[in-house]
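What follows is a single structure, written as structure tokens, with notes after it.
Chains as they are written, first to last, in my numbering: chain Y, 66 to 239; chain A, 66 to 239; chain D, 66 to 239.
Encoded structure:
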């Protein structure tokens, strides 16, 4: 198991748990930071999704520079890696969906796990807890839940801070 | 953000987590209380639901006065608001379902958020955590999960106590 | 409510939360233990499930003796009950599914709740949190979620230790 990386923070929570807002507040409060990169992994496949993305962007603090990265997450993080930079990835489960859809998940995941330990930027990773309900029938749902769970475990081992957000409030897991 | 209200308590938990039993015990243990109002939001649409409601009512302590309020929740709380009174609402997600079905959710929600800060009664609000699994396809499920999550965040900001119940045991979130 | 049993430990978590790996580590670290019994409740109904079971078994420490017990759980626990023995049951929700399918759930559950208090072996019980998402339509899903939740509450009252695993990390509930 890799040694914990100073600063990186895994922020987990259910749908509408307030996990993104929590992570944004934490990111803006990082002492000594001078640049904030918001990596949005969502893709607008329909009007409802486009509205959600626009809603989120409109409510974001002006210090954020938003970068869209549905795939190739590790490369985008590396491109913005620098001292004084805070990188927020929102969210890992959308990125997982994107990668499963084009069958590049294993490469995407391995690249993320490889790039994080060397980052001098502080990286906050927001992800959806999806494994605490009944898993719907169908192999895709099971693969998605399995891969999300395995990823969360791997990242939780890497990150020195892990939080679970419930109703906007953080439970510290690590 | 409104200031926290002394006493109000948001009790979250999954299905069959023991959240109602926990909230009932907490309510009956409030020091100085002399009246206990149980606001039941469930409606018996079929035999299974009727049986659940009857089961809950039969197992409730005799000090409770049960009031049925599928809609108009804020008005019912206000009608019973008095010093020495403990009001338990069980549960918010059924009330949300009821309001979504008749398209009065925004008004119901705003009225609840408006009435709580002025209540002298202590209000315990039981609600279902529904956002930690895969959200089923269909716009209604997504709206339900979104609105439940937003409501929990708004109430968690208002209430001085927030608990998450797992297997009958409370995790204190606030 | 029965008195707490020294040593027994209920380990809850969502799908791929790392609950089994956590329970295995805890079990192998029990001081003074000399025998480790792994009670696997899963049945391989299809190739995917067979692969999962084989994957789990291949990754298990050599000290484990694996016993398959899709049903009759209480009797199997009793058969291996002895001082110095650690019994890990993985997992209760698969066993619940098996028993619901053949309509013997009430007897299975009552037998487990009856056998645990007298066990001198230390028993670790791994189970899936399934109640924190939308419950899919259909009576079987509702019965499954209800019975899992009720079982967790009953066991949490019996066991001196209860943990919720999220991303491989334990939250202590008791």
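Note that beta-carbon positions come from the ideal geometry of N, C-alpha and C, so glycine has one too. Source: prediction; values computed, not measured.
- request: Measure the alpha-carbon distance for residue 204 of chain Y versus residue 113 of chain D and round it to whole angstroms.
  value: In the first chain, residue 204 of chain Y corresponds to position 139, counting from 1. In the third chain, residue 113 of chain D corresponds to position 48, counting from 1. So the alpha carbons of these two residues sit roughly 9 Å apart.
field: Cross-strand partners of residue 204 of chain A (DSSP beta bridge)
entry: If you number the second chain from 1, residue 204 of chain A lands on position 139. Answer is none; residue 204 of chain A lacks a bridge partner.
task: Quick one: measure Cβ to Cβ for residue 153 of chain Y and residue 87 of chain Y, integer angstroms, because I've assumed they're closer than 8 Å.
output: The residue given as residue 153 of chain Y occupies position 88 in the first chain. The residue given as residue 87 of chain Y occupies position 22 in the first chain. That belief does not hold up - the Cβ atoms of residue 153 of chain Y and residue 87 of chain Y are roughly 11 Å apart, past 8 Å.
query: Using 7 Å as the limit for Cβ to Cβ distance, is residue 229 of chain Y near chain A?
result: For the purposes of this step, residue 229 of chain Y is taken as residue 164 along the first chain, with counting starting at 1. So no, residue 229 of chain Y is outside the interface.
query: Taking all protein chains shown into account, do 16 or more other C-beta atoms lie within 10 angstroms of the C-beta of residue 78 of chain D, making it buried, or fewer, making it exposed?
result: The residue you call residue 78 of chain D lines up with position 13 of the third chain. Counting Cβ neighbours within 10 Å, residue 78 of chain D comes out buried, since at least 16 surround it.
- prompt: Residues bridged to residue 102 of chain A by DSSP?
  reply: By one-based count along the second chain, residue 102 of chain A stands at place 37. Within the DSSP bridge table, the entry for residue 102 of chain A names A:130 and A:152 as partners.
query: Name the chain A residues that come within less than 8 Å of residue 211 of chain D, Cβ to Cβ?
result: Here the question's residue 211 of chain D lines up with position 146 in the third chain. The answer, in chain order, is 80 and 81.
query: Going by other Cβ atoms of all chains shown within 10 Å of its Cβ, with 16 needed for buried, is residue 99 of chain Y buried or exposed?
result: Along the first chain, one-based indexing puts residue 99 of chain Y at 34. Classification for residue 99 of chain Y: exposed.
- prompt: In chain Y, which residues lie less than 9 Å from residue 241 of chain A when you measure between Cβ atoms?
  reply: Nothing about residue 241 of chain A can be reported from this structure: the residues present for chain A run from 66 to 239 only.
task: Any chance you could list the beta strand (DSSP E) runs of at least 3 consecutive residues sitting entirely within the segment 150–189 of chain D, in chain order?
output: 150–155
- request: Work out the CA separation of residue 161 of chain Y and residue 155 of chain Y for me, nearest whole Å.
  value: Against the first chain, residue 155 of chain Y aligns to sequence position 90. Against the first chain, residue 161 of chain Y aligns to sequence position 96. Near 11 Å, if we compare the C-alpha coordinates of residue 161 of chain Y and residue 155 of chain Y.
query: Listed from N- to C-terminal order along the chain, which residues in the segment 105–137 of chain Y have their beta-carbon within a distance smaller than 9 Å of any beta-carbon of chain D?
result: none
field: Cα-Cα separation between residue 232 of chain A and residue 231 of chain D, rounded to whole angstroms
entry: Here residue 232 of chain A refers to the residue found at position 167 of the second chain. Here residue 231 of chain D refers to the residue found at position 166 of the third chain. Approximately 15 Å, taken between the alpha carbons.
- prompt: For residue 123 of chain D versus residue 189 of chain D, is the C-beta distance shorter than 7 Å?
  reply: Start at 1 with the first residue of the third chain, and residue 123 of chain D comes out as number 58. Start at 1 with the first residue of the third chain, and residue 189 of chain D comes out as number 124. Going by C-beta atoms, residue 123 of chain D is not nearer than 7 Å to residue 189 of chain D.
message: In the DSSP output, which residue or residues are listed as bridge partners for residue 235 of chain A?
response: Taking the first residue of the second chain as 1, we reach residue 235 of chain A at position 170. BP columns for residue 235 of chain A point to A:230.
- request: Please compile the residues from chain A whose C-beta is within a distance smaller than 9 Å of the C-beta of residue 161 of chain D.
  value: In the third chain, residue 161 of chain D corresponds to position 96, counting from 1. None at all; the shortest Cβ gap to chain A is about 12 Å.
message: Can you tell me whether residue 45 of chain A is buried or exposed? The criterion is at least 16 other CB atoms within 10 Å of its CB, across all chains shown.
response: Any property of residue 45 of chain A remains undetermined from this structure, which presents chain A solely from 66 to 239.
- prompt: Mind checking if residue 238 of chain Y is an interface residue toward chain D, Cβ cutoff 7 Å exclusive?
  reply: If you number the first chain from 1, residue 238 of chain Y lands on position 173. It does: the Cβ of residue 238 of chain Y has a partner Cβ on chain D nearer than 7 Å.
task: Out of D:134, D:97, D:193 and D:220, state which residue places its alpha-carbon closest to the alpha-carbon of residue 163 of chain D.
output: In the third chain, counting from the first residue as 1, residue 163 of chain D sits at position 98. For the residues D:134, D:97, D:193 and D:220, the minimum Cα distance to residue 163 of chain D belongs to D:134.
query: Given a threshold of 16 other Cβ atoms within 10 Å of its Cβ, counted over all protein chains shown, does residue 194 of chain D qualify as buried or as exposed?
result: As a first step, residue 194 of chain D is located in the third chain; it is residue number 129 there, counting from the start. Buried, because 16 or more other Cβ atoms sit within 10 Å of the Cβ of residue 194 of chain D.
- request: Compute the Euclidean distance between the alpha carbons of residue 58 of chain D and residue 221 of chain D, then round it to the nearest angstrom.
  value: Outside the displayed span of chain D (66 to 239) sits residue 58 of chain D, for which this structure offers no information.
message: Can you list, in chain order, the residues of its chain with a C-beta nearer than 7 Å to that of residue 146 of chain Y? Leave out the 5 residues immediately preceding and following it.
response: Residue mapping note: residue 146 of chain Y aligns to position 81 of the first chain, counting from 1. Counting only Cβ-Cβ distances below 7 Å, and skipping sequence neighbours, we find 184, 185 and 186.
- prompt: Can you give the Cα-Cα distance for residue 85 of chain Y and residue 213 of chain A, rounded to whole angstroms?
  reply: Your numbering for residue 85 of chain Y matches position 20 in the first chain. Your numbering for residue 213 of chain A matches position 148 in the second chain. Approximately 16 Å, taken between the alpha carbons.
task: List the residues of chain Y that residue 165 of chain A touches, going by C-beta distances under 7 Å, in chain order.
output: Numbered from its first residue, the second chain carries residue 165 of chain A at position 100. Those do not exist, as residue 165 of chain A stays about 15 Å from chain Y at its closest Cβ, beyond 7 Å.
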